[in-house]
Amino acid sequence: MGVRLQVLVATIWAVFSLALAQADALAHPMSIKALRQGSYPGSAITLEQTLAPGANYRRYIASYRSEGLKIYGLLTVPNGTRPRAGWPAIVFVHGYIPPAQYRTTERYGAYVDGFARAGYIVFKIDLRGHGNSEGTPGGAYWSPDYTIDTLNAFNSLRQFPQANPERIGMWGHSMGGYLALRAMVVEPRIRVGVIWAGVVGTYEDLLYRWRRSPPAQIPPGALRRRELFLARYGSPESNPGFWDSITAHNYLERVGPIQLHHGLADTVVPVSFSQRLAQRLRAAGRPYEFFTYPGNDHNLSQSFSLAMRRSIAYFDRYLKR
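With my numbering, the residue at position 304 of the sequence shown is 304, and numbering never jumps.
Here it is in structure tokens:
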């Protein structure tokens, strides 16, 4: 084979390989473009069980449907006369808890109470495979399943008669921050988001700049799924098109306002993840606020009241005015 023919064949193969990689990226269910093309109708919300009331709100175990699965959650509804357009509402997405240990009414009690007392419907969703929810818990970072559950929860809440369908925001912590951000870049009707200690870095950050402490917090199977992705799609350096396609940072053009909170002593999720997202939001011209908390851990335990006041004020600005 002559030199010119070799060059021609190599060029054709390179173009063909690039086209295959681009098509693969667009078709992959984790890609933002694929998620934007999906359908997330949600369902009517069913009140399964009435719980003891909160200070000024009612509490229920409720359920909705996501890809045919019955997903449970904790639902709060303010007392008093429903506003003409309905109550403002928040989809509440929890951080990583081992699915077998997860219980609908355990953990995040003070967080839900803070938003519920402030006059919001709060729907803390369980995600598939958690607690009594149907389905297999496939993880957040290497599967679209939890993002789909979050989007279906949003559209289910829009159908809830007590809620104002145009005044729904999203709150997420840690893994839930990752899911809240992805939901917001897919669904522009989410009016506002608040993220605490979110896993909101790029996929290059998740692959190479995330050393969780203690290592036991890494979910079983997550490392295996990560290695499978690298084996199939190559590294971000060798195949940037694919990794860019699944990174929410590259699709911020229509995202709603976002408020970020991160403790500077967080040993679970690096503060650099929130810093990088703040930089990308600023570059994209999107409204955001970013607060850091010296000496605070992953849960912002040392400044919880301050972070809650800031979060409620941000939701109030975009959901009550």
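Yeah, the Cβ is synthetic: ideal placement off N, Cα and C, and Gly gets one too. Since the model is a prediction, treat every value here as computed from it, not as a measurement.
Would the stretch 179-198 and the stretch 265-283 be scored as touching if the rule is three or more Cβ pairs under 8 Å?
With the rule of 3 Cβ pairs closer than 8 Å, the stretch 179-198 counts as touching the stretch 265-283.
Does the stretch 35-46 touch the stretch 83-95, meaning 3 or more C-beta pairs lie closer than 8 Å?
no
Note down, in chain order, each residue of its chain lying with its Cβ closer than 6 Å to the Cβ of Q259, except the 5 sequence neighbours on either side.
By one-based count along the sequence shown, residue 259 stands at place 259. The answer, listed in chain order, is V194, E289, Y314.
I need the DSSP call for Q49, collapsed to helix, strand or coil.
Walking along the sequence shown from the start, residue 49 turns up at place 49. Of the three classes helix, strand and coil, the one that applies to Q49 here is strand, per DSSP.
Just the Cα atoms here: how many angstroms apart are P257 and P287?
Here the question's residue 257 lines up with position 257 in the sequence shown. Here the question's residue 287 lines up with position 287 in the sequence shown. Going by C-alpha positions, P257 is about 5 Å away from P287.
For E187, the nearest candidate out of Y208, G176, N155 (CA to CA)
Within the sequence shown, numbered from 1, the residue matching residue 187 stands at position 187. Checking every option, the nearest Cα to that of E187 belongs to N155.
Quick check: the Cα distance between N250 and H262, rounded to an integer number of angstroms?
Here residue 250 is taken as the residue at index 250 of the sequence shown, counted from 1. Here residue 262 is taken as the residue at index 262 of the sequence shown, counted from 1. Roughly 22 Å separates the two Cα atoms.
Inspect the beta-carbon positions of Y108 and H130 and report whether they are closer than 9 Å.
By one-based count along the sequence shown, residue 108 stands at place 108. By one-based count along the sequence shown, residue 130 stands at place 130. No; because the gap between Cβ atoms is not below 9 Å, this pair is not in contact.
Indicate whether Y96 and A140 have their beta-carbon atoms separated by less than 9 Å.
Taking the sequence shown and counting its residues from 1, the one referred to as residue 96 is at position 96. Taking the sequence shown and counting its residues from 1, the one referred to as residue 140 is at position 140. For Y96 and A140, yes; Cβs fall inside 9 Å.
Reference H173; option with closest CA among Q279, E67, F92, P53
Working through the sequence shown from its first residue, we reach residue 173 at position 173. It is F92.
Measure the alpha-carbon distance for S301 versus G80 and round it to whole angstroms.
Counting from one through the sequence shown, the residue named residue 301 turns up at place 301. Counting from one through the sequence shown, the residue named residue 80 turns up at place 80. Looking at the two C-alpha atoms, the distance is approximately 32 Å.
Taking only heavy atoms of the ligand COA into account, decide whether any of them is closer than 8 Å to the Cβ of A163.
Of ligands this structure carries none, so the ligand COA is not represented either.
Taking the beta carbon of N56 as the centre, do at least 16 other beta carbons fall within 10 Å, making it buried, or is it exposed?
By 1-based counting over the sequence shown, the position of residue 56 is 56. Classification of N56: exposed, given that the 10 Å Cβ count is below 16.
Consult DSSP for Y293 and reduce its assignment to one of helix, strand or coil.
Looking up residue 293 in the sequence shown gives position 293. Three-state result, Y293: strand.
In the DSSP assignment, the beta strand (DSSP E) including Q259 goes from what residue to what residue?
Stepping through the sequence shown from its first residue, residue 259 is reached at position 259. Its beta strand (DSSP E) spans residues 258-263.
Which residue's Cα is closest to the Cα of D205: G241, T247, P29, A222?
For the purposes of this step, residue 205 is taken as residue 205 along the sequence shown, with counting starting at 1. Of G241, T247, P29, A222, the residue nearest in Cα terms is T247.
How would you write the range of the beta strand (DSSP E) that L75 sits in, first residue to last?
Residue mapping note: residue 75 aligns to position 75 of the sequence shown, counting from 1. Unbroken beta strand (DSSP E) run through L75: 69-78.
Might you give, ordered along the chain, the residues of its own chain that have their beta carbon closer than 7 Å to the beta carbon of R280, omitting 5 neighbours on each side?
By 1-based counting over the sequence shown, the position of residue 280 is 280. So the qualifying residues of the chain are H249, L252.
With distance defined between alpha-carbon atoms, name the residue in G119, N132, V77 nearest to Y102.
Working through the sequence shown from its first residue, we reach residue 102 at position 102. Measuring from the Cα of Y102, the nearest candidate turns out to be N132.
Roughly how many whole angstroms lie between the Cα atoms of Y178 and A44?
Numbered from 1 along the sequence shown, position 178 holds the residue referred to as residue 178. Numbered from 1 along the sequence shown, position 44 holds the residue referred to as residue 44. Distance between the alpha carbons of Y178 and A44: 25 Å.
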